[in-house]
Amino acid sequence: MKGIKIFSPATVANLACGFDVIGLALDFPKDEIFLYKSNNPGIRIRKIHGTSLPNDPKKNVAFVALQFFLKKYQQEKEKKIGFEIELIKNIHPGSGIGSSAASAAGVVYGANVLLGYPFNTMQLIRFAMEGERIASGTAHADNVAPAIMGGLTLVRSYQPLDITKLHVPNELWISIIHPQIEIKTSDAREILKQKILMTDAIRQWGNIGALVAGLYQENYRLISRSLEDFIVEPIRAILIPAFYELKIRCKEIGALGGGISGSGPSVFMLSKGNHTAKKVTEMMNRVYSTLQIDYKTYTSSINQKGVKWSKIL
Ligand code: HSE
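Pasting the structure below:
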């Protein structure tokens, strides 16, 4: 096999209370990636559709993630090979729904398939995290893990990397609004406090534990009560126009709760069932239609499988 087509999903990191540890994959939107194995050593980016991304390969997350993959592969197998990448970006860079993670996860997953699965899932996540380091200054895993593993994931530890999948309740749906303003993840991380109050930490870990319990019990009321963030959201919310209005109005019409998607500017709300999720998305549209800001909205189920591929050559 010489080339494959990959579908790599958007992801929502943090899920309110789980900063840098919880994330989930969406069925929609997804990036499409064409990856070709080549006998010429090195990595080349053939074309990027849908957006302008850095031409400098060292700043391109797909390139960097694949470079880490290739370095390890060549060390272990003592074989020189190369890759060519074509990216169709349906997930807007800087949207807060894991655009860089989709590129990084997609290429390392695809390269692993093309080479006959030399690496395991944790190794692929490590390579993809190096792409995240380029994009945001920190190698966080809460977007690349759900992109690669699918569903809902929890990073128990970064050193050593220990990531587990969580149960996804059957009727869990998500609504997203992406205001077309730019918030760089690196900036959104820089404004955060490095120390937090014990009282806030206690409330936060109570919520994370209860969220996980709520997911396993399919207890939507418990999930709803747990979707609170006392640490990151109060600082980042000021960057997102009408953030609290969105939350209040969406909850009034039945959303379980929500918050900032990753580092923003997208905002997510969870719902029980497709019908409520669609109503919530309409409410997001209504709130933003009064502002002078362009935006996009999505309604999606949870993507249980993560990144997928199909053969093209
Ligand atoms: N956990 C990361 C953050 C996700 O909130 O900065 C970035 O998408």
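For reference, each letter of the sequence shown is one residue, going 7 to 319 in my numbering. Here a beta-carbon is modelled for each residue, glycine too, at the ideal position from N, C-alpha and C.
For residue i: DSSP bridge partner residues
{"i": "residue 15", "result": "36"}
{"i": "residue 158", "result": "30, 172"}
{"i": "residue 190", "result": "Answer is none; residue 190 lacks a bridge partner."}
{"i": "residue 273", "result": "183, 266"}
{"i": "residue 9", "result": "42"}
{"i": "residue 315", "result": "12"}
{"i": "residue 217", "result": "Per DSSP, none; premise fails for residue 217."}
{"i": "residue 178", "result": "278"}
Residue range of the alpha helix (DSSP H) that includes residue i
{"i": "residue 114", "result": "105-120"}
Start and end residues, beta strand (DSSP E) containing residue i
{"i": "residue 170", "result": "168-172"}
{"i": "residue 197", "result": "Here residue 197 belongs to no beta strand (DSSP E), and DSSP marks it neither H nor E."}
{"i": "residue 142", "result": "Here residue 142 belongs to no beta strand (DSSP E); instead the alpha helix (DSSP H) covers 127-142."}
{"i": "residue 284", "result": "Run containing residue 284: none in the beta strand (DSSP E); it sits in the alpha helix (DSSP H), 280-295."}
{"i": "residue 302", "result": "301-307"}
Proximity of residue i and residue j at Cβ, strictly below 7 Å
{"i": "residue 153", "j": "residue 107", "result": "yes"}
{"i": "residue 34", "j": "residue 306", "result": "yes"}
{"i": "residue 211", "j": "residue 280", "result": "no"}
{"i": "residue 248", "j": "residue 156", "result": "no"}
{"i": "residue 88", "j": "residue 46", "result": "yes"}
{"i": "residue 221", "j": "residue 252", "result": "no"}
{"i": "residue 285", "j": "residue 226", "result": "no"}
{"i": "residue 113", "j": "residue 72", "result": "yes"}
{"i": "residue 331", "j": "residue 158", "result": "In the structure displayed, the chain extends from 7 to 319; residue 331 sits before or after that span and is not available."}
{"i": "residue 183", "j": "residue 301", "result": "yes"}
{"i": "residue 97", "j": "residue 16", "result": "yes"}
{"i": "residue 70", "j": "residue 140", "result": "yes"}
{"i": "residue 255", "j": "residue 204", "result": "no"}
{"i": "residue 193", "j": "residue 237", "result": "no"}
{"i": "residue 67", "j": "residue 315", "result": "no"}
{"i": "residue 270", "j": "residue 102", "result": "yes"}
{"i": "residue 185", "j": "residue 308", "result": "no"}
{"i": "residue 151", "j": "residue 313", "result": "no"}
{"i": "residue 133", "j": "residue 40", "result": "no"}
Per-residue burial, residue i [other beta carbons within 10 Å of its own, 16 or more giving buried]
{"i": "residue 294", "result": "buried"}
{"i": "residue 200", "result": "exposed"}
{"i": "residue 52", "result": "exposed"}
{"i": "residue 242", "result": "buried"}
{"i": "residue 287", "result": "buried"}
{"i": "residue 148", "result": "buried"}
{"i": "residue 196", "result": "exposed"}
{"i": "residue 58", "result": "exposed"}
{"i": "residue 138", "result": "buried"}
{"i": "residue 168", "result": "exposed"}
{"i": "residue 244", "result": "exposed"}
{"i": "residue 62", "result": "exposed"}
{"i": "residue 3", "result": "Nothing can be reported for residue 3, as the shown portion of the chain is limited to 7 through 319."}
{"i": "residue 261", "result": "buried"}
{"i": "residue 100", "result": "buried"}
{"i": "residue 10", "result": "buried"}
{"i": "residue 126", "result": "exposed"}
Cutoff 7 Å: residue i Cβ touching any chain B Cβ
{"i": "residue 193", "result": "Looking for chain B here will not work: only one protein chain is present."}
Check: residue i C-beta below 6 Å from any heavy atom of the ligand ATP
{"i": "residue 149", "result": "The ligand ATP is not part of the structure shown, which contains the ligand HSE as its ligands."}
Whole alpha helix (DSSP H) elements within the stretch 23-107, 4-residue minimum: 67-83
4-residue-minimum alpha helix (DSSP H) runs that sit fully inside the stretch 219-263, ordered along the chain: 226-232, 239-242, 249-258
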